[in-house]
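Trainee: Residue numbers (the working numbering): 3 to 110. Following this message is one structure expressed as structure tokens.
So this is what it looks like as structure tokens:
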């Protein structure tokens with residue numbers, strides 16, 4: 003009888019381990035799905051912003067427009083942050099993000 007009990011206990015333990023593994027796999031799949039959805043949503047949002055800000059400009063100008071709209075005004079060449087939105091830089095006029103460096107603006 004002790005052998006039967008031991009076998010039953012072992013079977014129960016194996017079943018519990020299998021169930022735990024299945025649950026972990028399901029959780030991992032759910033996390034992967036959530037991450038994919040977030041990445042797709044961000045990509046679509048960026049694409050929509052880029053497309054809606056097109057006024058017959060190149061892709062890099064579109065990206066510059068997007069950066070300008072966010073008010074970041076970062077210059078790729080120097081890595082410096084140029085005028086922010088409140089400093090009266092020209093924001094979102096189809097120019098690359100770094101052009102403000104070459105063309106100083108009057109501060110109003």
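Think of the CB as a built atom: it goes at the ideal place given N, C-alpha and C, for glycine as much as any other residue.
State the Cα-Cα distance for the pair residue 32 and residue 11, rounded to the nearest angstrom.
Mentor: Numbered from its first residue, the chain shown carries residue 32 at position 30. Numbered from its first residue, the chain shown carries residue 11 at position 9. The straight-line gap from Cα to Cα measures roughly 32 Å.
Trainee: Please report the straight-line C-alpha distance between residue 19 and residue 26, rounded to a whole angstrom.
Mentor: One-based indexing of the chain shown puts residue 19 at position 17. One-based indexing of the chain shown puts residue 26 at position 24. Those two C-alpha atoms are separated by around 11 Å.
Trainee: From residue 37 to residue 8, what does the alpha carbon distance come to, in whole angstroms?
Mentor: For the purposes of this step, residue 37 is identified with residue 35 of the chain shown, where counting begins at 1. For the purposes of this step, residue 8 is identified with residue 6 of the chain shown, where counting begins at 1. Approximately 44 Å, taken between the alpha carbons.
Trainee: On the three-state DSSP scale, how would you describe residue 3?
Mentor: Translated into the one-based positions of the chain shown, residue 3 becomes position 1. In the structure shown, residue 3 sits in coil (DSSP, three-state: anything other than H, G, I, E or B).
Trainee: Using a Cβ-Cβ cut-off of 6 Å (strictly less than) and excluding sequence neighbours within five positions of residue 89, which residues of its own chain qualify?
Mentor: On the chain shown, position 87 is the one that residue 89 refers to. The pLDDT assigned to residue 89 is 43, lower than 50, so where the model puts this residue is not dependable, and the model offers no usable value.
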